[in-house]
Every structure is written in structure tokens, then in C-alpha cells.
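Below is one structure, written out as C-alpha cells; comments come after it.
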Amino acid sequence: MADFLFYLFSALTVLSALLVTVSRNAVNGAMFMIMSFVGMAALFLLLEAYFLAALQILVYAGAVMVLFLFIIMLLDADKGRSVRPDRLTTFAAGIGALLLVLGLAYITFGESASPSTPLPEITEMPQNASADDIPFTTASRSFGYGLFTKYMLPFQVTGFLLLIAMVGVIVLSKKIDASGEESTKPRIAKS
Amino acid sequence: MTISLNAFLFVSGLLFAIGFFGVLFRRNTLVIYMCLELMLNAVNLALVAFSRYHNSMDGNLFVFFIIAVAAAEVAVGLAIIVALYRKRQTVMVEELAELRN
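Which chain is which? The protein sequence lines are A and B, in order. Everything in the first sequence is counted per this note's numbering, starting at 1 for the first residue and increasing by one. Everything in the second sequence is counted per this note's numbering, starting at 1 for the first residue and increasing by one.
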């Protein structure tokens, strides 16, 4: 059953990813992107990473894609003629992607591929686990344990990065008038 | 489950190749951006698969960080695209070819 689900959801993920790249309309592309993310969350569930599957749905399929859809619709990105990429670009992109797929197939299934290991048993989170080697568990408790012991500094840097991103977005979205000075006046006051 | 690690890695590679193809093929900045997200997701899948098959939590924690950084990156990137659109009235890459204006 799990095998069938793997094939089903990887087909869903890969097919909708392909449709993102080829669909003419950017809004349709964003919708297929959401489907692809949901399929990816299902693959995470098959790998028993339940917390990440929830994050994938909440952050990616939810927040990020809502942002994308909003911007696509705000800028009306599809208006006007649809620009067809020239033949050479299409050819080069196709050849590049094909080479990448062939190389990956050789690495993963070819003669030099590493032998497939059986799926290890999931252990309980040990009470006195060492911080350097946290075993895989399905509990989100091990996320917290890992974040606050081994990855404490990266965790704090990530928080700071989010703050910087927020400040950056505010700076970027300030309206710059013709003289090059940043206007702090509200836009309504100008008209 | 009899699915091997290699199968997961192959799906991840396929997704990465599709994202790569999209970045090269499409002309719309927003779609190029979505394809970048696709490539990030492919890497996430590979990390989770490695983490599960090697019985270690590290890969999962990396994916946690990648998701957080990608969220920040999307916010900044979309703000840049909106700022560009305000200045040039387009999101197509061939019309955004020069840096000077």
C-alpha cells in the first residue's frame, strides 16, 4: 500500500511540477505549484516526517503560495502578448534538463549506485540523548531538542534573518519619487 | 515499505531538473521564481529521505531551516519584483536586460 502511495504521490508531484513550467498562464502555474507542494507533503508523510509535512502545507502551500498568487494577480503578469521563448533557448533548456535527468538516473540506478539500505526502525527519543547524534523520531519533540542544542546558533541566525528580511521588504516597498529621494508622505496626499 | 532511498532521490532529481528547465525556459520573472522554489523543494525531499534512511534527525532540521529561509527569500524577492515592476512596468526578463536606467 505504501509503495502504491509513493508512486501515486511522486507522479502527482512531478506531473504538476512539469505543468508549472509549461502552463501559459502564471495563475494556473501557481495552482499546479500548490498541488506539487501537497504531493511533496504526502511524500514527507511516507518518510514519517510528520512535522515537516505540516510545515510544508502551512508555510509553502499556504503562506508562500498565497503571496505568489497575490503578486501575480496584483501585477497582472500575463497581460499583453504571450512571449514565446526562441527555439534555441527551448532546445538548450531541454537538453540541459535531459542531461541532468540522465546523470541522476545513472547515479541512482546505475551500476555504481549505492546499495539500497532497508528502512531503519523508528526509535523512541532517548531521555539522555547526546546532542551531537539525535536519532530519527516522529515526535516534533526531537525538532525542539535539536534546535536548542546542536543547532542553537543557526536557529538564532534564522530568526535574525527573518527580521532582516522584514526590514528589507519595508525599505524596498518605499516609494521613490523622481528626485530619487524616498518619500515618506502617504500616496494619497500627492494626488 | 519496500521503496528504496534511490527511488526518493530519483524523484527529487526529477523535480530539480524540472525546476532547472523552468528557470531556463520561462520568460516571466514570477514563474522563474516559482521554479526556484521547486528546486528548493527537490533538495528538501532528498534531505528528508537521507535523514529517514540514515536514522538521523539532522536532515529534517536542515529542511526546517530551508523552509524558514525560503519564506524570507520569497518575501524579499517578490518585493524586488514589485519594485522593478513599478519602475519598468514589466516582469519579462528580456525587457529587464540592462541594469542601468
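Even for Gly, the Cβ is constructed at its ideal location relative to N, Cα and C. All values reported here derive from a predicted model rather than from experimental measurement.
Could you spell out the range, first to last residue, of the alpha helix (DSSP H) harbouring residue i?
i, result
"Lys87 of chain B", "58-88"
"Ser10 of chain A", "2-22"
"Phe51 of chain A", "50-55"
"Ala26 of chain A", "26-46"
"Tyr33 of chain B", "29-53"
"Met142 of chain A", "Note that residue 142 of chain A is Ser in the sequence shown here, rather than Met. 141-148 is the span of the alpha helix (DSSP H), which, as asked, contains Ser142 of chain A."
Measuring alpha carbon to alpha carbon, tell me which residue in the options is nearest residue i.
i, options, result
"Glu94 of chain B", "B:Ile3, B:Ser12, B:Phe25, B:Phe10", "B:Phe25"
"Gly77 of chain B", "A:Phe6, A:Leu58, A:Phe68", "A:Phe68"
"Phe6 of chain A", "B:Leu30, B:Phe20, B:Leu45", "B:Leu45"
"Gly94 of chain A", "B:Lys87, B:Val23, B:Val11", "B:Val23"
"Ile18 of chain B", "A:Ala53, A:Gly96, A:Ala42", "A:Gly96"
"Met166 of chain A", "B:Ala72, B:Arg86, B:Gln89", "B:Ala72"
"Ile34 of chain A", "A:Val64, A:Asp86, A:Pro115, A:Gly144", "A:Val64"
Here's the rule: buried if 16 or more other CB atoms are within 10 angstroms of the residue's CB, otherwise exposed. What is residue i?
i, result
"Arg141 of chain A", "exposed"
"Lys190 of chain A", "Any reading at Lys190 of chain A needs caution, since the residue's pLDDT is 46, under 50, leaving its predicted position unreliable; the model's value is listed next. The residue in question, Lys190 of chain A, is exposed, as its Cβ has fewer than 16 Cβ neighbours within 10 Å."
"Val48 of chain B", "buried"
"Ala2 of chain A", "exposed"
"Ser173 of chain A", "exposed"
"Ala53 of chain A", "buried"
I'd like to know whether the C-beta atoms of residue i and residue j end up nearer to each other than 8 Å.
i, j, result
"Met92 of chain B", "Arg27 of chain B", "yes"
"Ile71 of chain A", "Leu30 of chain B", "yes"
"Ser36 of chain A", "Ser16 of chain A", "yes"
"Ile134 of chain A", "Glu48 of chain A", "no"
"Gly59 of chain B", "Phe65 of chain B", "no"
- request: Name, going along the chain, the residues of the segment 30-44 of chain B whose beta-carbon falls closer than 8 Å to a beta-carbon of chain A.
  value: Leu30, Val31, Tyr33, Met34, Cys35, Glu37, Leu38, Asn41, Asn44
field: Residues in the segment 103-125 of chain A having any Cβ partner in chain B nearer than 7 Å
entry: Those residues of the segment 103-125 of chain A placed with their C-beta closer than 7 Å to a C-beta in chain B are Leu104, Ala105, Thr108, Phe109, Ala113, Ser116, Thr117, Leu119, Pro120, ordered along the chain.
message: Which residues of the segment 36-55 of chain A have a Cβ closer than 8 Å to any Cβ of chain B? Give them in chain order.
response: Ser36, Phe37, Met40, Leu43, Phe44, Leu46, Leu47, Glu48, Ala49, Phe51, Leu52, Leu55
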